[in-house]
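Peer 1:
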Amino acid sequence: MNLGGSLTRQIEADNTVNETNPHIANIGRMVEDMENKIRNTLNEIYFGKTNSILNGLRSVHSLSEQKQQEALRTDLAQALQKRQKAEVNN
């Protein structure tokens, strides 16, 4: 399975700049906050979509039950064909 896409986010903030809060520290904080938000969003999208796909692929019936149902359908179809042939011949 291949997944692809892109996600773009943008933020703007006004922060004070002084000796204890230099410009680079403010930028670093903003980058880390945005990185965490994007990571959480991607996790929700990716895992949510993956779970949705897998749940759609899963069967609520076991393989043996499916085989039994298929055998029953085949037997019923054969019985109906024999019955129809018998009715046509009579």
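In my numbering, the protein residues as written are 31 to 120.
Glycine included, every Cβ here is placed at the ideal spot set by N, Cα and C.
Secondary structure at Leu37, three-state DSSP: helix, strand or coil?
Peer 2: The answer is coil: DSSP assigns Leu37 none of H, G, I, E or B.
Peer 1: Rounded to whole angstroms, what's the CA-CA distance from Lys97 to Glu117? Just pull it up for me.
Peer 2: 30 Å
Peer 1: Rank Ile68, Leu93, Gly78 by C-alpha distance to the C-alpha of Ser36 and give the top, closest one.
Peer 2: Ile68
Peer 1: In three-state DSSP terms, what is Val118?
Peer 2: helix
Peer 1: Pop quiz: Met60 and Ala43 are said to be a contact at Cβ under 8 Å. What is the actual Cβ separation, rounded to whole angstroms?
Peer 2: About 6 Å; that satisfies the 8 Å criterion.
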